[in-house]
Amino acid sequence: TSVPRIQLNDGSSIPQLGFGVFKIDPDETERLVTDALEVGYRHFDTARIYGNEQGVGRAVASSGVSREELYITTKVWNDDHGMQSAFDAFDASLERLGLDYVDLYLIHWPVPAQDRYVETWRALEAIRESGRARSIGVSNFLVPHLQRLLDETAVVPAVDQIELHPAHQQPATAAFAADHGIAVEAWGPLGQGKYPLLELPEIVGPAAAHGKAPAQVVLRWHLQRGYIVFPKTTNRARMAQNFDVFDFELSDDEMQAISDLEREGRGGSHPDSVN
Ligand code: NAD
């Protein structure tokens, strides 16, 4: 399978489908990322706070897959905001990953209560300048946070990684991102199992019609909307299922019925409340 790539505003490109490792046990990460590499995944989304960067690093190191084929994202955690703390956090993440660069480095949450994300962003600009992060972006940034970066700093984030799934599509943030050339990464693309998304008729119907599983229909909806996704599973069969989404297409009507599931159904924390 060749995974389509999304062009980023800095000239780089990112595989539109990857594998996320949130809540994967550090002791299991090397094995599961190795499974994912065997299935064909080349894009991995981790974070310092997940505690499993080392496992990702070990799996890619022993895989024999060339570095240029891989796409690795990690993130600076909330207690490392600030210029020097972000530099130190980045060095430590690279070391744990065993890499000399990451493809994408993100500010994990804006943490407006600390009011340091502008300074942290300047640190990421310098890290990108050094070549040790090919692209830089943000996560959980809403319109006011993005607007401040645009007003006060030089580099437009390449991506915004936000909670996004049919019940929570974040229309304002997604539209703002589109207007400013910021690619949207959808975290929790399957709703994190927090509502019965995979049992809704709008999902089950097209699944039966196309001979695919409900999760594949949801991932297909994301891909056709232009979002970048990295569903998480510890089950190898599901890993393969989530990767096998390039041989069918949802019709306009099927897409619309899923888009109509929007109901401001945030499953995670509101970005302004995360400290
Ligand atoms: P997800 O929506 O990918 O849901 C994962 C759950 O869906 C799994 O635990 C599993 O139970 C189920 N599932 C997976 N594949 C399935 C299939 N084929 N059939 C049926 N059920 C299936 O949620 P997530 O893991 O939270 O999000 C994906 C990735 O997004 C994470 O691993 C992480 O990399 C990233 N993320 C980022 C943030 C952030 O703040 N930036 C927050 C959460 C997650």
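Take any residue in the sequence shown, count from 1 to its spot, add 1: that is its number in full-length UniProt numbering.
Every residue gets a Cβ at the ideal spot worked out from N, C-alpha and C, and that includes glycine.
Every value quoted in this text rests on a predicted model; they were computed, and no experiment measured them.
Put simply, the backbone Cα of Ala216 is about 7 Å away from that of Leu191. Boundaries cannot be given for Ala214, as no beta strand (DSSP E) includes it and DSSP labels it neither H nor E. Per DSSP, Asp161 is one residue of the beta strand (DSSP E) stretching across 160 to 164. At a cut-off of 7 Å, the beta-carbon of Pro111 does not count as near ligand 1: no heavy atom of the ligand is closer than that. Shown here, Gly19 sits in coil according to DSSP, grouped into three states, outside any helix or strand.
Comparing alpha carbon positions, the residue from Phe88, Val218, Val22 closest to Gly58 is Val22.
Secondary structure of Val66 (DSSP, three-state): coil.
For Ile128, the three-state secondary structure derived from DSSP is helix. In terms of CA proximity to Asp46, Ile15 leads the group Asn236, Asp245, Ile15, Pro158. For Ile183, there is no enclosing beta strand (DSSP E), as DSSP marks it with neither H nor E. The continuous stretches of beta strand (DSSP E) do not include Thr35, which lies in the alpha helix (DSSP H) extending over residues 27 to 40. Counting along the chain, the unbroken alpha helix (DSSP H) around Ser94 starts and ends at 84 to 98. Per the DSSP secondary-structure output, Phe45 pairs in a beta bridge with Phe20, Ile73.
At the C-beta level, Ala134 and Tyr102 come within 8 Å of one another.
Of Asp161, Asn141, Val157, Leu100, the smallest CA-CA separation from Gly132 is found for Leu100. With a threshold of 16 other beta carbon atoms within 10 Å, Ser67 falls short and is exposed.
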